[in-house]
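Colleague:
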Amino acid sequence: MPKHFLMCRPDFFTVEYAINPWMRPEAGADRDVAVRQWEGLKTAYEELGHQVSLIDPIAGLPDMVFAANGALVVGGRVYGARFAYPQRAAEGPAYLRWFTDRGYEALEPSHVNEGEGDFLTLDDVILAGTGFRTDVVAHQEAQEYLGRPVVSLTLVDPRFYHLDTALFPIDGHNVGYYPAAFSPGSLAVLRRMFPDAVIATDRDAEVLGLNAVSDGTNVVINAEASDLHLELKRRGYEVIPVDLSELRKAGGGPKCCTLEIRGEI
Numbered sequence: 079m080p081k082h083f084l085m086c087r088p089d090f091f092t093v094e095y096a097i098n099p100w101m102r103p104e105a106g107a108d109r110d111v112a113v114r115q116w117e118g119l120k121t122a123y124e125e126l127g128h129q130v131s132l133i134d135p136i137a138g139l140p141d142m143v144f145a146a147n148g149a150l151v152v153g154g155r156v157y158g159a160r161f162a163y164p165q166r167a168a169e170g171p172a173y174l175r176w177f178t179d180r181g182y183e184a185l186e187p188s189h190v191n192e193g194e195g196d197f198l199t200l201d202d203v204i205l206a207g208t209g210f211r212t213d214v215v216a217h218q219e220a221q222e223y224l225g226r227p228v229v230s231l232t233l234v235d236p237r238f239y240h241l242d243t244a245l246f247p248i249d250g251h252n253v254g255y256y257p258a259a260f261s262p263g264s265l266a267v268l269r270r271m272f273p274d275a276v277i278a279t280d281r282d283a284e285v286l287g288l289n290a291v292s293d294g295t296n297v298v299i300n301a302e303a304s305d306l307h308l309e310l311k312r313r314g315y316e317v318i319p320v321d322l323s324e325l326r327k328a329g330g331g332p333k334c335c336t337l338e339i340r341g342e343i
């Protein structure tokens, strides 16, 4: 089934501060390369038949390209983002405005959360990360607003600071994840909920291979995540590799660049 994605062209992308372990301002980043790689991701979605809408980038917000962090959209209702770091604070209102200008029902959050960075939606449940960026009370706020069960998972490795760096929904009922990113109790929950999950190797996780986007048939995934490629193909999925190595310098991958709009108004 075709999906609807919101993306933001990285016209102002740079690495000028460090708010996660991937970011090294002294090493910099090449904006032109980032734009070319982002365009390749957008083209991949369109060639798969998905709809891509765009939000205008804003000067001074280099991480706005990571659209997934901007909101959570379920059933046509928008739960807005409230960013943990001041460097990204203006992104939340910008994304919320994009939706309200188009008539979506939206909630400005009371608690710190970073949208689909820490909320991943399956058919019957929303998995929600906490530990680095999103307050666990935001999980409760999202559940009340969206009327969907929310399961809290605690992240423990700062390299995997958002849930979408350590786990991705393969379809509406199953996921892939990296066990070492989670607390013992959260890992036990994942094992109970998803006994047939795809388990990522250290090598896959370290190239943000789990920051992937699946439509249930095709998986758009970082090109370097070779073990995940093989396992997904073995299970019958079509693997669509993309190169987002420049955006990875800020800790981002395919999913980070992609906010799914579920349920049209």
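Residue 292 in the numbering used here is what sits at position 214 of the sequence shown, and the numbering runs on without skipping anything.
Note that the Cβ used here is the ideal one computed from N, Cα and C, for glycine as well.
Computed from a prediction, not measured in an experiment: that's the story for all the values here.
1) Given Pro-247, which residues of its chain have a CB within under 6 Å of its CB, disregarding the five upstream and five downstream residues?
2) CA-CA distance, Pro-319 and Gly-287?
3) Compute the beta-carbon to beta-carbon distance between Ala-216 and Pro-236, rounded to the nearest angstrom, for a pair I have assumed lies under 8 Å.
4) Under a three-way DSSP split, which group does Phe-238 fall into?
5) Using CA atoms only, rank isn't needed, just tell me which of Pro-140, Met-79, His-128 and Phe-210 is closest to Val-113.
6) In its own chain, which residues sit with a C-beta less than 6 Å from the C-beta of Leu-325, not counting the 5 before and 5 after it?
7) The beta strand (DSSP E) that contains Phe-144, what's its start and end?
8) Specify, as a first and last residue, the run of the beta strand (DSSP E) that His-307 falls within.
9) Excluding the 5 residues preceding and the 5 following Val-276 in the sequence, name in chain order all residues of the same chain whose CB lies nearer than 6 Å to its CB.
10) Excluding the five sequence neighbours on either side, which residues of its own chain have a C-beta within less than 7 Å of the C-beta of Lys-311, listed in chain order?
11) In its own chain, which residues sit with a C-beta less than 6 Å from the C-beta of Gly-294, not counting the 5 before and 5 after it?
12) What residue range does the beta strand (DSSP E) around Gly-329 cover?
13) In the DSSP output, what is Ser-131 paired with across the bridge?
14) Is the stretch 202-211 touching the stretch 227-244 in the sense that three or more CB pairs, one from each, lie closer than 8 Å?
15) Give the straight-line distance between the Cα atoms of Thr-243 and Asn-289, rounded to the nearest whole angstrom.
16) Given a cut-off of 8 Å, decide if Phe-91 and Ala-105 are closer than it, judged by their beta-carbon atoms.
17) Opposite Gly-254 in the DSSP bridges: which residues?
18) If I follow the unbroken alpha helix (DSSP H) through Pro-171, where does it start and stop?
19) If you run the structure through DSSP and keep just helix, strand and coil, what is Val-298?
20) Excluding sequence positions up to five away, which residues of its chain have a Cβ less than 7 Å from the Cβ of Lys-333?
21) With 16 as the cutoff for other CB atoms within 10 Å, does Pro-273 come out buried or exposed?
22) Helix, strand or coil for Pro-187, going by three-state DSSP, please let me know.
23) Could you tell me the distance, in whole angstroms, from the CA atom of Ile-133 to the CA atom of Met-85?
24) With 16 as the cutoff for other CB atoms within 10 Å, does Glu-125 come out buried or exposed?
Modeller: For this structure:
1) In the sequence shown, residue 247 corresponds to position 169, counting from 1. Closer than 6 Å at Cβ, skipping near neighbours: Leu-198, Leu-200 and Val-253.
2) On the sequence shown, position 241 is the one that residue 319 refers to. On the sequence shown, position 209 is the one that residue 287 refers to. So the two alpha carbons sit approximately 10 Å from each other.
3) Your numbering for residue 216 matches position 138 in the sequence shown. Your numbering for residue 236 matches position 158 in the sequence shown. That pair is no contact at about 19 Å.
4) Taking the sequence shown and counting its residues from 1, one reaches residue 238 at position 160. Looking at Phe-238 - three-state DSSP - the assignment turns out to be helix.
5) Counted from its first residue, the sequence shown places residue 113 at position 35. Answer by Cα proximity: Pro-140.
6) Sequence index remark: in the sequence shown, residue 325 carries index 247 (1-based). Closer than 6 Å at the Cβ level, and outside the excluded window around Leu-325, lie Ala-112.
7) Along the sequence shown, one-based indexing puts residue 144 at 66. Where Phe-144 is concerned, there is no enclosing beta strand (DSSP E), given that its DSSP letter is neither H nor E.
8) Sequence index remark: in the sequence shown, residue 307 carries index 229 (1-based). First-last for His-307: 304-312, but that is the alpha helix (DSSP H), not the beta strand (DSSP E).
9) Your numbering for residue 276 matches position 198 in the sequence shown. So the qualifying residues of the chain are Gly-254 and Glu-309.
10) By 1-based counting over the sequence shown, the position of residue 311 is 233. For Lys-311, where only same-chain residues beyond five positions count, the Cβ hits under 7 Å are Val-317.
11) In the sequence shown, counting from the first residue as 1, residue 294 sits at position 216. Correct list, in chain order: Asp-249.
12) For the purposes of this step, residue 329 is identified with residue 251 of the sequence shown, where counting begins at 1. Looking at the DSSP string, Gly-329 is not in any beta strand (DSSP E), and its letter there is neither H nor E.
13) As a working note, residue 131 is residue 53 in the sequence shown. The partner list for Ser-131 (beta bridge, DSSP) reads Leu-84.
14) Flag = yes, the stretch 227-244 and the stretch 202-211 touch.
15) For the purposes of this step, residue 243 is identified with residue 165 of the sequence shown, where counting begins at 1. For the purposes of this step, residue 289 is identified with residue 211 of the sequence shown, where counting begins at 1. Going by the C-alpha atoms only, they are around 5 Å apart.
16) Residue mapping note: residue 105 aligns to position 27 of the sequence shown, counting from 1. Residue mapping note: residue 91 aligns to position 13 of the sequence shown, counting from 1. No, the Cβ-Cβ distance between Ala-105 and Phe-91 is not below 8 Å.
17) Along the sequence shown, read from residue 1 onward, the residue named residue 254 stands at position 176. Paired residues: Phe-246 and Val-276.
18) Residue numbering aside, residue 171 sits at position 93 when the sequence shown is read from its first letter. Here the alpha helix (DSSP H) through Pro-171 covers 169-178.
19) The count along the sequence shown starts at 1 and reaches residue 298 at position 220. Strand.
20) Residue numbering aside, residue 333 sits at position 255 when the sequence shown is read from its first letter. The residues are Ala-146, Asp-242, Phe-246, Asn-289, Ala-290 and Val-291.
21) Working through the sequence shown from its first residue, we reach residue 273 at position 195. Counting Cβ neighbours within 10 Å, Pro-273 comes out exposed, since fewer than 16 surround it.
22) Locating residue 187 in the sequence shown gives position 109, where the first residue counts as 1. Residue state, collapsed to three classes: coil.
23) Position 55 of the sequence shown holds residue 133. Position 7 of the sequence shown holds residue 85. Those two C-alpha atoms are separated by around 6 Å.
24) As a working note, residue 125 is residue 47 in the sequence shown. By the 10 Å Cβ count, Glu-125 comes out exposed.
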